[in-house]
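Trainee: Under the working numbering, the residues of the sequence shown are numbered 50 to 242, in order.
Positions of the beta carbon are idealized from the N, C-alpha and C atoms, including for glycine.
To start, I am sharing the structure in question, which I have written as structure tokens.
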Amino acid sequence: MERAAVPVLEAARKLAAGDKPVLLAIDGRCGSGKSTLAAWLAARLPCHLIHMDDFYLPPARRRPDWTEHPGANMDFARLRAQLLDPLLAGQPAVYQAYACRLGTMRDPHPLPPRPLILLEGSYALHPDLAVPATCRVFTTCTQDCQQKRLQAREGDHYTAFEQRWIPLEEGYFRQYHPETGCDFVLDTTAWTV
Numbered sequence: 050m051e052r053a054a055v056p057v058l059e060a061a062r063k064l065a066a067g068d069k070p071v072l073l074a075i076d077g078r079c080g081s082g083k084s085t086l087a088a089w090l091a092a093r094l095p096c097h098l099i100h101m102d103d104f105y106l107p108p109a110r111r112r113p114d115w116t117e118h119p120g121a122n123m124d125f126a127r128l129r130a131q132l133l134d135p136l137l138a139g140q141p142a143v144y145q146a147y148a149c150r151l152g153t154m155r156d157p158h159p160l161p162p163r164p165l166i167l168l169e170g171s172y173a174l175h176p177d178l179a180v181p182a183t184c185r186v187f188t189t190c191t192q193d194c195q196q197k198r199l200q201a202r203e204g205d206h207y208t209a210f211e212q213r214w215i216p217l218e219e220g221y222f223r224q225y226h227p228e229t230g231c232d233f234v235l236d237t238t239a240w241t242v
């Protein structure tokens, strides 16, 4: 992974050296290494790492037809208001992550200003987020690779990915083509993630 990710790291270092905070967004297929890449970058950069998984909408707040609208299960407004807007303005932020499996909001978590915000996860490049990313990264892998990684990672929860989350994600890709216009498109099939 490191060799393929070095150009992203170099670009992120340049961004972090600027005079105002910037956003680097990492989107892509589940199991394609978004979180792995983001953690690797975060260990080497003066940044905040924000996970899209912390901004799912609780089921009671989702529109009834949310499965027919890519990204309708995400709380883009809360992500902008609690984190992206203040951090990109150079201000501190406080946010609460939503714990999906528990169905609850976690305790408030304060973040001081940092020069770089890494946003990783499915829908990080969704147009409804309405926050311009200075650097856009898309990760992908083969279907076979995705299946093997998700089976290893999710265990008994893999069926939910196969039946719900992968089809929803693929619908998002077909409708919005988030890889278009990305600064980096990384095929991670050969990576160990």
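Can you check whether the C-beta of C96 is within less than 7 Å of a C-beta belonging to chain B?
Mentor: This model lacks chain B altogether; it includes just one protein chain.
Trainee: Taking DSSP's pairing of strands, which residues face P159 in a bridge?
Mentor: Start at 1 with the first residue of the sequence shown, and residue 159 comes out as number 110. In the DSSP output, where bridge partners are listed per residue, P159 has V143.
Trainee: Indicate whether L217 and Y207 have their beta-carbon atoms separated by less than 7 Å.
Mentor: Here the question's residue 217 lines up with position 168 in the sequence shown. Here the question's residue 207 lines up with position 158 in the sequence shown. Contact: no.
Trainee: Tell me which same chain residues have a C-beta within less than 7 Å of the C-beta of A121, skipping the five on either side of it?
Mentor: One-based indexing of the sequence shown puts residue 121 at position 72. Within the same chain, A121 has close Cβ partners R111, R112 and W115.
Trainee: In whole angstroms, give me the CA-to-CA distance for L235 and C194.
Mentor: As a position in the sequence shown, residue 235 is number 186, starting the count at 1. As a position in the sequence shown, residue 194 is number 145, starting the count at 1. Looking at the two C-alpha atoms, the distance is approximately 14 Å.
Trainee: Does the Cβ-Cβ distance between D134 and L106 come in under 7 Å?
Mentor: In the sequence shown, counting from the first residue as 1, residue 134 sits at position 85. In the sequence shown, counting from the first residue as 1, residue 106 sits at position 57. Taking 7 Å as the Cβ cut-off, D134 and L106 do not qualify as a contacting pair.
Trainee: Less than 7 Å between C-beta atoms, sequence neighbours within five positions excluded: which residues of the same chain meet that for T238?
Mentor: As a working note, residue 238 is residue 189 in the sequence shown. Excluding sequence neighbours, T238 sits near C190, T191 and C194.
Trainee: Among the residues of its own chain, which have a CB less than 8 Å from the CB of Q70, if the five just before and after it don't count?
Mentor: Translated into the one-based positions of the sequence shown, residue 70 becomes position 21. Correcting the residue identity first, residue 70 is Pro in this sequence and not Gln. Here the set comprises L136, L137, A138, G139, P162, R163, P164, L165 and I166.
Trainee: Quick one: residues in its chain with C-beta nearer than 7 Å to the C-beta of G77, no 5 flanking neighbours on either side, listed in chain order?
Mentor: Locating residue 77 in the sequence shown gives position 28, counting from the first residue. Hits under 7 Å: K83, F187, T188 and T189.
Trainee: With T188 as the anchor, note down where its beta strand (DSSP E) starts and where it stops.
Mentor: In the sequence shown, residue 188 corresponds to position 139, counting from 1. Here the beta strand (DSSP E) through T188 covers C184 to T189.
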